[in-house]
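Asks:
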Amino acid sequence: PLPRDLLVPSLISRFIPVPEKLYGEIMSPNYPKPYPSNNLSSWDIVVPEGFRVKLNFSQFDLEPSEACLYDYVKVTADKGDLGRFCGQLGSDGGRNPGKKEVVSKGNWMRLTFHSDFSNANGSAVPYKGFLAYYQAEGE
Numbered sequence: 001p002l003p004r005d006l007l008v009p010s011l012i013s014r015f016i017p018v019p020e021k022l023y024g025e026i027m028s029p030n031y032p033k034p035y036p037s038n039n040l041s042s043w044d045i046v047v048p049e050g051f052r053v054k055l056n057f058s059q060f061d062l063e064p065s066e067a068c069l070y071d072y073v074k075v076t077a078d079k080g081d082l083g084r085f086c087g088q089l090g091s092d093g094g095r096n097p098g099k100k101e102v103v104s105k106g107n108w109m110r111l112t113f114h115s116d117f118s119n120a121n122g123s124a125v126p127y128k129g130f131l132a133y134y135q136a137e138g139e
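Each step along the sequence shown adds one to the number in UniProt numbering, with nothing skipped, and position 135 is 135.
#1: In terms of residues, what are the limits of the beta strand (DSSP E) holding Asn39?
#2: Taking the alpha-carbon of residue 196 as reference, which of Arg14, Glu20 and Phe15 has the nearest alpha-carbon?
#3: Going by the beta-carbon positions, is the gap between Phe130 and Gln59 smaller than 7 Å?
#4: Quick check on this structure: which residue in Tyr70, Gln88 and Asn56 has the alpha carbon closest to the alpha carbon of Tyr23?
#5: My output table needs one value for Asp92: the three-state DSSP class, helix, strand or coil.
#6: Mark Ala132 as exposed unless 16 or more other C-beta atoms lie within 10 angstroms of its C-beta, in which case mark it buried.
#7: Look at the Cβ atom of Val75, then the Cβ atom of Trp43, and state whether they are nearer than 7 Å.
#8: Drop a sphere of 10 angstroms on the beta-carbon of Val53, count the other beta-carbons inside from all chains shown, and report buried for 16 or more, exposed for fewer.
#9: When the Cα atoms are used, what is the spatial distance from Phe15 to Asp92?
#10: If you reduce the DSSP assignment to three classes, tell me which class Gly50 lands in.
#11: So what does Tyr133 bridge to, in DSSP terms?
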């Protein structure tokens with residue numbers, strides 16, 4: 001058997017459905033409490049045809065890293081990445097989204113949240129995750 005220290009817990013993956021509507025909010029698992037370790041969650045935001053998705057983060061508190069390799073939120077739309085974010089709003093560490101709005105060209109956007117093994121249990125300061133708002137914007 002392997003020593004307990006070498007065992008890596010498996011990633012918990014889930015897809016969270018988002019009802020089609022003109023606006024709403026998306027938050028990391030357990031928000032505003034610290035998000036779980038080893039998590040992979042995805043949300044597909046779909047607004048009515050003829051509209052774009054506009055997204056901004058009102059709260060953002062993820063583990064910072066230079067290239068956002070450990071804990072991050074990735075925003076995808078229009079067959080490409082619109083951003084990969086980590087760190088905290090208002091700080092220099094990581095690549096946080098700031099007050100920037102992320103806007104799709106079409107009526108679909110995916111948010112993917114990933115956390116590694118070290119948030120709630122192993123980190124000295126557990127990170128709380130994110131709260132994002134989206135709305136349909138006319139073209």
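Just so it is clear, CB atoms sit at the ideal spot from N, CA and C, and this is done for glycine as well.
Replies: In this structure, then:
#1: Per DSSP, Asn39 belongs to the beta strand (DSSP E) from Asn39 to Val46.
#2: Because residue 196 is not part of the residues shown, which for the chain are 1 to 139, the question remains open.
#3: In terms of Cβ geometry, Phe130 and Gln59 form a close pair [threshold 7 Å].
#4: Scanning Tyr70, Gln88 and Asn56 for the CA closest to the CA of Tyr23 turns up Asn56.
#5: In the structure shown, Asp92 sits in coil (DSSP, three-state: anything other than H, G, I, E or B).
#6: Flag for Ala132 reads buried.
#7: In terms of Cβ geometry, Val75 and Trp43 do not form a close pair [threshold 7 Å].
#8: Counting the other Cβ atoms within 10 Å of the Cβ of Val53 gives 16 or more, which makes it buried.
#9: Phe15 and Asp92 have their alpha carbons spaced roughly 31 Å apart.
#10: For Gly50, the three-state secondary structure derived from DSSP is coil.
#11: Per DSSP, Glu25 and Asn56.
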